[in-house]
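Since the structure comes first, as structure tokens, the remarks are kept for the end.
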């Protein structure tokens with residue numbers, strides 16, 4: 001079995017290749033040829049945490065893998081990330097386990113890559129201003145990924161901790177060809193933004209309709225079992241797209257409170273979800289139909305994303321003879 005650590009993943013995973021590979025994978029998932037059952041989780045109530053299992057199979061990519069991921073929100077502000085994971089890759093022909101990977105870096109990369117895919121499909125082509133809400137791992141990865149699909153010239157970062165927002169702005173300024181600055185409030189970050197990426201553990205919405213400009217593409221990837229990132233008014237007005245309706249509208253730990261709460265309160269129905277990403281990729285559903293239309297991609301994370309990313313990493317590692325081989329038997 002090939003063993004790859006986080007530094008290997010970060011060196012081997014090509015973000016452009018991942019964004020490109022996720023399009024066909026999401027189309028396969030919508031078509032039913034890929035398999036990704038709803039995740040299941042064992043909860044740790046005293047820490048508000050859980051460990052979830054996420055198996056996925058994408059035949060067109062030759063990808064079969066399962067991820068174990070923990071979410072422990074109290075790690076925020078500590079040396080440990082809130083999300084930590086491992087991934088086991090299997091041979092799709094025999095079921096043999098062939099690789100064991102750090103899944104933390106892959107989770108960060110694949111989430112941002114699918115958000116970038118949503119921006120490619122839904123954001124205006126002339127989008128130049130990006131608001132990033134949050135200051136953690138996902139905030140960093142989303143800034144980099146979205147800059148690969150749209151001509152971003154200015155990035156505004158806002159979070160609960162102004163010092164962390166300033167630090168992230170400084171870090172990104174050195175690696176991205178954009179004017180990156182921190183701002184004091186979410187409203188200020190969102191004012192005039194063409195794309196907004198919410199990457200928080202917020203209890204109360206950080207995306208509010210009065211703060212949004214016409215034509216913005218909103219991305220929401222944050223998760224809080226007791227809260228949400230996007231307010232009712234934004235969800236009700238936006239063209240809403242998801243990875244799959246089944247995953248987005250499933251109960252905890254799979255689904256999205258951003259959609260389930262307004263459904264519970266009668267603000268929207270399940271039919272308000274316009275499209276899955278795979279439907280946009282295949283062309284069976286239209287995307288944006290007007291420059292001033294607000295679009296919303298609500299991500300909950302599905303296992304085909306991990307499987308595709310892991311397959312790309314393992315292929316690159318084999319090609320470059322990177323990693324450590326261990327015998328299980």
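In this note's numbering, the protein residues as written are 1 to 329. Here a beta-carbon is modelled for each residue, glycine too, at the ideal position from N, C-alpha and C. Just so you know, these numbers come straight off a predicted model, no measurement behind them.
Alpha-carbon spacing of residue 152 relative to residue 143, whole angstroms: Residue 152 and residue 143: Cα-Cα distance of roughly 9 Å.
Beta-carbon proximity of residue 262 to residue 235, cut-off 7 Å: yes
Unbroken alpha helix (DSSP H) run spanning residue 102, endpoints: No alpha helix (DSSP H) holds residue 102; the beta strand (DSSP E) holding it covers 97–102.
Exposed unless 16 or more other CB atoms sit within 10 angstroms - verdict on residue 12: By the 10 Å Cβ count, residue 12 comes out buried.
C-alpha distance - residue 288 paired with residue 150, whole-angstrom precision: It is roughly 15 Å from the alpha-carbon of residue 288 to the alpha-carbon of residue 150.
Beta bridge counterpart(s) of residue 241 as assigned by DSSP: Beta-bridge pairing links residue 241 to 275 and 297.
Cross-strand partners of residue 130 (DSSP beta bridge): The partner list for residue 130 (beta bridge, DSSP) reads 155 and 195.
Same chain only: Cβ atoms within 6 Å of residue 214, ignoring 5 sequence neighbours per side: Within the same chain, and ignoring the five residues on either side of residue 214 in sequence, the residues whose Cβ sits closer than 6 Å to its Cβ are 292.
Among 147, 103, 7 and 34, the one whose alpha carbon lies nearest that of residue 16: 147
Validate contact between the region 268–286 and the region 108–123 using beta carbons, cut 8 Å, 3 pairs: yes
Residue 179 in three-state terms, based on DSSP: In the three-state DSSP reduction, residue 179 falls in the strand class (E or B).
Cross-strand partners of residue 4 (DSSP beta bridge): 101
Alpha-carbon to alpha-carbon, residue 60 and residue 28: For residue 28 and residue 60, the gap between their C-alpha atoms comes out near 8 Å.
Backbone CA spacing between residue 69 and residue 185 [nearest angstrom]: 31 Å
Segment limits, alpha helix (DSSP H) that includes residue 146: Element bounds for residue 146: 137–146.
Buried or exposed (CB count within 10 angstroms, at least 16 for buried), residue 179: Label assigned to residue 179: exposed.
Segments of 3+ residues assigned as beta strand (DSSP E) that fall wholly inside the region 18–59: 40–44 and 49–58
Expected contact under 8 Å - CB spacing of residue 158 and residue 188 to nearest Å: 7 Å
Residue 201 in three-state terms, based on DSSP: coil
Boundaries (first-last residue) of the alpha helix (DSSP H) holding residue 314: 303–320
Neighbour-count burial assignment, residue 21, 16 or more Cβ in a 10 Å radius: buried
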